[in-house]
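Below you'll find the structure, written out as structure tokens, and then a few comments.
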Amino acid sequence: MSVTPFRLPTIPLYKKETIMNLIAKGLRLDGVRTPESPRSVKVEVGVIEKAEGSAHVRLGNTQVIAGVKIDVGTPFRDTPDQGVLTVHAEFVPLASPLFEPGPPDENAIELARVIDRSLREVGAVDLNALAIRPGEKVWIVWVDLYILDHDGNLFDASMLAAMAALLDAKLPYYEEIETGEIVLDRSKSEGPLPVKHRVVTVTLAKIGDYLIVDPDFEEESVADARIVLAFDEQGRIVGAQKTGPGGLTTADLEKAMDLGWRAAEVYFKALDEALAGKTGGS
Amino acid sequence: MSVTPFRLPTIPLYKKETIMNLIAKGLRLDGVRTPESPRSVKVEVGVIEKAEGSAHVRLGNTQVIAGVKIDVGTPFRDTPDQGVLTVHAEFVPLASPLFEPGPPDENAIELARVIDRSLREVGAVDLNALAIRPGEKVWIVWVDLYILDHDGNLFDASMLAAMAALLDAKLPYYEEIETGEIVLDRSKSEGPLPVKHRVVTVTLAKIGDYLIVDPDFEEESVADARIVLAFDEQGRIVGAQKTGPGGLTTADLEKAMDLGWRAAEVYFKALDEALAGKTGGS
Amino acid sequence: MSVTPFRLPTIPLYKKETIMNLIAKGLRLDGVRTPESPRSVKVEVGVIEKAEGSAHVRLGNTQVIAGVKIDVGTPFRDTPDQGVLTVHAEFVPLASPLFEPGPPDENAIELARVIDRSLREVGAVDLNALAIRPGEKVWIVWVDLYILDHDGNLFDASMLAAMAALLDAKLPYYEEIETGEIVLDRSKSEGPLPVKHRVVTVTLAKIGDYLIVDPDFEEESVADARIVLAFDEQGRIVGAQKTGPGGLTTADLEKAMDLGWRAAEVYFKALDEALAGKTGGS
Amino acid sequence: MAKAQVQLISEEGLRHDGRRPDELRPIRMKVGVLSNADGSALVEFGKTRVIAAVYGPREPIQKYMVLPDRAVLRVRYHMAPFSTSERKSPAPSRREIELSKVIRESLEPVLLPEYFPRTTIDVFIEVLQADGGTRTASVTAASLALADAGIPMKALVGGVAVGKVNGVLVLDVDEVEDSAGEADLPIAAAPDIGLITLFQLNGVLTRDEIRAAVNMALKAIEYIVEKEKEALKAKYEF
Amino acid sequence: MAKAQVQLISEEGLRHDGRRPDELRPIRMKVGVLSNADGSALVEFGKTRVIAAVYGPREPIQKYMVLPDRAVLRVRYHMAPFSTSERKSPAPSRREIELSKVIRESLEPVLLPEYFPRTTIDVFIEVLQADGGTRTASVTAASLALADAGIPMKALVGGVAVGKVNGVLVLDVDEVEDSAGEADLPIAAAPDIGLITLFQLNGVLTRDEIRAAVNMALKAIEYIVEKEKEALKAKYEF
Amino acid sequence: MAKAQVQLISEEGLRHDGRRPDELRPIRMKVGVLSNADGSALVEFGKTRVIAAVYGPREPIQKYMVLPDRAVLRVRYHMAPFSTSERKSPAPSRREIELSKVIRESLEPVLLPEYFPRTTIDVFIEVLQADGGTRTASVTAASLALADAGIPMKALVGGVAVGKVNGVLVLDVDEVEDSAGEADLPIAAAPDIGLITLFQLNGVLTRDEIRAAVNMALKAIEYIVEKEKEALKAKYEF
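Residue numbers (our numbering), protein chains in the order written: chain A, 8 to 289; chain B, 8 to 289; chain C, 8 to 289; chain D, 343 to 580; chain E, 343 to 580; chain F, 343 to 580.
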């Protein structure tokens, strides 16, 4: 069951007005950004040595770690020749005074599912290349998203972390023993995880009549609605989700696709820089 | 843990008196029924095309849907040559202001188990005819009871729906492929589910010193206890359950078997009519 | 998540003082014991005929039943040639006004894990002798601890019950049928469960600057901390756990090992007496 | 009931354990077996062994779980993992949830909850060994524990199951008879006020058979309730 | 989307069930189908069948689940076990949890919760049969049930999904088209106030395709909302 | 402990990673690493990496979870799914439940909860990478995060595990040593007030070995607490 959030702190009305007045002048609360620009973004890969792939993303004060773990398992019955990709998100309580311990709530599930669909629909990971013994043994790829610090726009930070961790990931070395069982040696590798497409999401918030890119926590708190758009590198839209209690006009949608693609290019650049020589970005 | 219901609306004392005064005169609250007669009953089968069998029952304002789904599975270890019959009930919150979302509570579990036992003990479904490869693959028959509108006497309405849906059910067509797996084609059928016996339950409520047949919600609210009796077509008793906080005398029990069998015949007739040409009831 | 207990009854300050004044004089609340002596202990084995092994322990007013059930199952992947030993504790609500129905809480889990580790680390049960068909079928040994009456020091009473039940336990008779399945006949036996070492725990409570052996419920309520020490028969320490909100000095630790071993000898004696001719203790 | 036809009644009309059809198993009752509980009892019917504890009337931990004009009764029927042949998972099964309800509803007719508004009376039952008839032994133990706790009651309740085995009605079925028999009819009653408070049928019986089974059960329950009174006296005489 | 290339558009440009690309399935709406609920509606799009019930504004059972200045909306989207080809477990899946949220957020833009502070408005949706488009049918049924319950709303909401099948944009996709298609774009909107209130994309589309799909959906939703008004009138005229 | 006899101590008396028996792994501590939390710290012992956040003293969300005369401490020790070789299910395991308790009880001796009646102090610990010694690293990180949050404390707490490997007592065991060793003795202490606050033994040791191991651990903990003080200063000096 989904319930109107009833534990969010009350937002004073003047704060929304302040934010809107700033946007009208092309400004944001942080005094630095324009309505169209995302916060500074920093992507670092290989941060968890024990994971097959990992990344740490900072988007302003928002911090997300993604870890990729790869195991051997059984394929789904309707796709016997494909590996399995699973995206899971935990909103652990250290990240925000609003998060409580417990199983993923609707927000964590929505986030994981939007990212999962966007990766899946465009075929970001080549699942056909992940069968070890078709119909029997395939690679199971877990993408675990860990929110460490929530200052708004978890979608974009999480998608960047997921994508960077997948690009960082290596398949473990394996041997088939006599019994037919597959035995892994995670200290060696079969080569990189086959990633065919890169995807980023861009989230825009609607505040009054304005649309702004990459809302921080305060902006999200006063926003009427948000729209998350997933882009591949050719600019196609490979996933979308309106989220939050409000509505959008067709004009909003048009503008969101426009501003979204421009921000997507910033995110793709951060991803490139992180992967170049596998060191940090800007 | 079972707890005295503490969220039921308080029933004014005069209501119980009103109901008892009416019964003393051979009348009911609805101004139509005698203490011995059930409400109007309407059974419709084949209401869910995607289910292997289904039925919609209206007993007064009470509405229940039963859906039968049939899958292939593994038999229980102690009955390797038999199919599996499972009855499950959901008291979904749209049916009553008293139902909350969540896993089945003690009332839903009790209802499903009483119906399950009554079907099972008399051998209503011929489980011996449901082995595909004895010891390995058998038909799994799910009866799912869905309460849509709760105006009292969920037992009788649910049992009628379960029975009608089983009588409506067809086994899906299957093929065994080379690997030994069983593949279903639900658009075709292997013929009807083998049903050998028909069962109905009749519920009687004890209010003061009176026993009435088929109590509605208001009558249940003031009742001291209820007795549910399951009958097969020969009038044998194939299951029973006292439910509710009160007790019964041996005289009550005697009278309940008497009145119960008379009402059972009404229910069997409604079932016959629904199945005749598989259209609506009385 | 672990939370400071917030439902315990408030302990009047003078009670702690009374207890400390008594200890200073070498006395306890019950007027009988010295700080160094455990309560009267009575161990009875074979109390549940349907279990493969069982024991009932009374330590003062604390009562615990342990039941050992033995089934056939699959070994763990990393120990394919060993049986499996599992310790589980239920703090059922009849034992204390502080226990509520529900899955085991942190106290029940801690108790089971401390006992499990102490049995496991010293190799109390010879798991290597519990493979039926190495890599495929092994004995699964369940030790279920059932607290019936909680008057303090559940650790020592539970460990005594677990140990006595294991020593009482017999492996069921089995036959391998054609299909390769193992069929049990629990009315006959393959001989005793192979137990190689005996273990007891001794719990000491720190109250103010004092250490006392085998605290009862009132003493536990005012204790700053407790230390549980597991001993084998040679006096080696085969497990330990500080529990409760306070701390210990190195001197406390030294004294605890000393007093602990003396009490352990009392417990071992009770165990011996219970097993001798398999009748009750002292 | 499609059960294999095992012969459980001898040519002499005796049962597999030597009992006559209308004979109870050896019954043992002991009151006040636990120190923490406000009332407690241990009850054995043959190898079936249950223990019941009562706490209350007391303030409920969940403050909302109250009624303004009377006590709320909470009942838990639970089986120990070692009580059955194969280990029983300690998580409550659907069967245990149903039985907790029917046992609660077998006790409510004799309670006087209006004496204790805004409180909870808790009855916790643990089946230590299950050999048939655990629910009726549980009602019996709960009734004793309530009395031991000093909870006012209109009457004591006792229970027993009647079965049909090889066509014969038998009293106080054990596990062997229950699993091979044609019907199982657990009954609880408060003879002093003439009320049947638990009534279930698992199996197929004619109306005449039900009449006969109920009579057989009620006669036994009168005896069981006498034993309850003795057990209560035994505690308070010593 | 790596789907097998099934041919689902005929040479004449018709769909597997004979519909034109911009044609809806037969739609049926009925208001007031339940006696207990404050409002209810049954909605069918072809074989997809959903029922929605509204309770409230009412005091919440969990007393803390309130806002001091407005009503809290609770929405549950749930599938009956028999609604799908393989039986669906009745425990809520991650998909049902997500859809409950997006449906709630598709209704909140038209509600006036400040009229009912400290209350809960409950919308319970059961999918009785799933043949594609269940979430948009659910929004439609919920909108009708809210109106039937007399909850004040700024506008009615309706929903429909547009898909892309064999490169062609098609209206109101059914299950066959959904599972074989290249994209699925469920949309809900309140045409009377010009707001899109549910918008999801599962698949790959260009920006031009999105524009075209949104236009196709919004046109259909205008028609669907007209049908809602007729269904509401039908109830109150008889 | 029936472990395969792997040789983990070289002829020169060095450990598999080149450390001497009484040598710690490289330790890194950083305070104030999160913006939302009232206090936070990242702690590394070799490849073991944990992060702790503190919220509070604050009003608890569950209003009943309070004590009238002091603060309630809530502690969660949790492992990230990617922190271990095989993916760890994010649902709390029995091990995590036990460790949350012993970590809470290792912090309570140094807190002054009576300063903050009716509030909750929350300590949330996430293990980002597990290579042995995660519980003692967690205590260390929690102590730093509490200090960073400005919670008054009697003393700082630090922790380290001593193991027995091939008969030799070794300081700060890593995962390889832990799984092959004969004993593992995690200890936490507050040296400034002379209290051991966490003490567990997994394995078999004589009383003399325990004495030696405790001394080895306490000496290391003094050093660790000094490092904690430096890390706290480092934050506030810049």
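Positions of the beta carbon are idealized from the N, C-alpha and C atoms, including for glycine.
In this structure, the straight-line span from the alpha carbon of HIS420 (chain F) to that of LEU376 (chain F) is close to 17 Å.
Counting only the Cα atoms, VAL64 (chain C) lies some 6 Å from GLN70 (chain C). Across the structure, LYS49 (chain A) and MET8 (chain C) are spaced so that their CA atoms are roughly 32 Å apart. Here TRP149 (chain A) is not near GLY90 (chain A), since their CB atoms are 9 Å or more apart. By the Cβ-count criterion, VAL52 (chain B) is buried, with 16 or more other Cβ atoms from all chains shown falling within 10 Å of its own Cβ. For the region 535 to 578 of chain F, the full-length beta strand (DSSP E) segments reaching 3 residues or more read 537 to 545 along the chain. In this structure, VAL206 (chain C) lies away from ALA164 (chain C), with their beta-carbon atoms at least 9 Å apart. Counting along the chain, MET170 (chain B) sits inside the alpha helix (DSSP H) bounded by residues 161 to 175. Leaving aside the five residues that flank LEU191 (chain B) on each side, the residues in its chain whose CB is nearer than 8 Å to its CB run, in chain order, ASP78, VAL79, PRO179, TYR180, TYR181. Judged by their CB atoms, PRO402 (chain E) and THR461 (chain E) are nearer to each other than the 9 Å cut-off. Here ALA62 (chain B) is not near ALA283 (chain B), since their CB atoms are 9 Å or more apart.
Under the Cβ distance rule, SER228 (chain A) does not count among the residues neighbouring chain F, no pair being separated by less than 9 Å.
A straight line joining the alpha-carbon of LEU511 (chain F) with that of ASP221 (chain A) spans about 54 Å.
Residues of the same chain with a CB within less than 8 Å of the CB of ASP534 (chain E), apart from the 5 flanking positions on each side, are LYS496, ALA497, LEU498, VAL567 in chain order. The region 478 to 486 of chain F and the region 445 to 452 of chain F touch, with three or more beta-carbon pairs separated by less than 8 Å. Neighbours of ILE552 (chain F) across chain A, judged by C-beta separation under 7 Å, do not exist; the nearest C-beta is about 32 Å away. For GLY398 (chain F) against ASP473 (chain F), the beta-carbon gap comes to about 30 Å, at or over 8 Å, which does not count as contact. Taking all protein chains in view, the Cβ of ARG120 (chain B) is crowded by 16 or more other Cβ atoms within 10 Å, so the residue is classified as buried.
The C-alpha of PRO528 (chain D) is placed about 14 Å away from the C-alpha of PHE387 (chain D). Residue pairing for TRP149 (chain A): DSSP places it in a beta bridge opposite A:LYS76, A:THR93. Straight-line measurement puts the Cα of LEU167 (chain C) at about 14 Å from the Cα of HIS95 (chain C). Among the bridge pairs identified by DSSP, ALA383 (chain F) is matched with F:VAL373, F:ALA394. In the three-state DSSP reduction, ILE30 (chain B) falls in the helix class (H, G or I). In chain order, VAL121, VAL235 place their CB closer than 7 Å to the CB of GLN248 (chain A), counting only its own chain and leaving out the 5 sequence neighbours on each side. Straight through space, the alpha carbons of LYS506 (chain F) and ALA230 (chain A) are spaced by roughly 58 Å.
Taking one beta carbon from each stretch, the region 264 to 278 of chain B and the region 555 to 566 of chain D have fewer than 3 pairs nearer than 8 Å; the two do not touch. Annotation for ILE30 (chain B): PRO42, ILE214, TYR217, ILE219 place their beta carbon closer than 7 Å to its own, counting only its chain and skipping 5 residues before and after.
Close to chain A, meaning a Cβ-Cβ distance shorter than 7 Å, is no residue of the region 567 to 580 of chain F at all. In this structure, DSSP gives TYR217 (chain A) an extended state, which the three-state scheme calls strand.
Membership of LEU105 (chain C) in any alpha helix (DSSP H) is not indicated, and neither H nor E is assigned to it by DSSP. Under DSSP, GLU468 (chain D) takes part in a beta bridge, and its partners are D:ILE393, D:HIS420.
Restricting attention to A:ASN28, A:VAL202, A:THR81, the CA atom closest to the CA of PRO141 (chain A) is found in A:THR81. Residues of chain E with a Cβ closer than 9 Å to the Cβ of TYR153 (chain B) are, in chain order, ALA422, PRO423, PHE424, GLU468, LEU470.
With the criterion set as a beta carbon lying under 9 Å from some beta carbon of chain E, the members of the region 249 to 282 of chain A are LYS249, THR250, GLY251, PRO252, GLY253, GLY254, LEU255, THR256, THR257, ASP259, LEU260, GLU261, MET264, ASP265, TRP268, in sequence order. DSSP, read as helix, strand or coil, puts PRO111 (chain B) in coil.
As the crow flies, the alpha-carbon of ILE72 (chain C) is around 14 Å from that of ASP158 (chain C).
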